[in-house]
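Data first, discussion second: the structure below is written as structure tokens.
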Amino acid sequence: MSNLSLAVRDANTMLRRNLLHARRYPSLTLNLLLTPVMLLLLFVYIFGDTMSGGAGRSEYIAYIVPGILLMTIGSTTIGTAVSVSTDMNEGIIARFRTMAIH
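When we follow this note's numbering, the leftmost residue of the sequence shown carries the number 547, and every step to the right adds one.
See the structure below:
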């Protein structure tokens, strides 16, 4: 087998593992999906008139959406870092090294 096919197979194994976690803990998935929507609603409809600085609603939405996306990416990165740290401390990586994952 080539290195590429081994990497694809290993990535598929890890993807299945992460999808099982997502299925067991749906609150994490809902949090990931609902946080940007709630932030957008909060900043546009509640604080929008105060913070828009005289711009129209569409200009303000175009201004704030990239920031909300960056905040979502940042919070997801933090969650991933915590998961990797937990895996390292609980010994799951050591178990993976003994398995047939190349």
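Backbone N, C-alpha and C define an ideal beta-carbon position, used for all residues, glycine too. It should be emphasised that the depicted structure is a prediction, and the values quoted were computed from it without experimental measurement.
With respect to L578, T622 sits close: the two C-beta atoms are nearer than 9 Å. Using a C-beta cut-off of 8 Å, the segment 593–610 makes no contact with the segment 549–557, since fewer than three inter-stretch Cβ pairs fall below that distance. Rounded to the nearest whole angstrom, the CA to CA distance from T575 to S551 is 29 Å. When the beta-carbon positions are compared, V611 and L588 stay at least 9 Å from each other. About 21 Å separates the beta carbons of T581 and T632, which is beyond the 8 Å limit, so they are not a contact pair.
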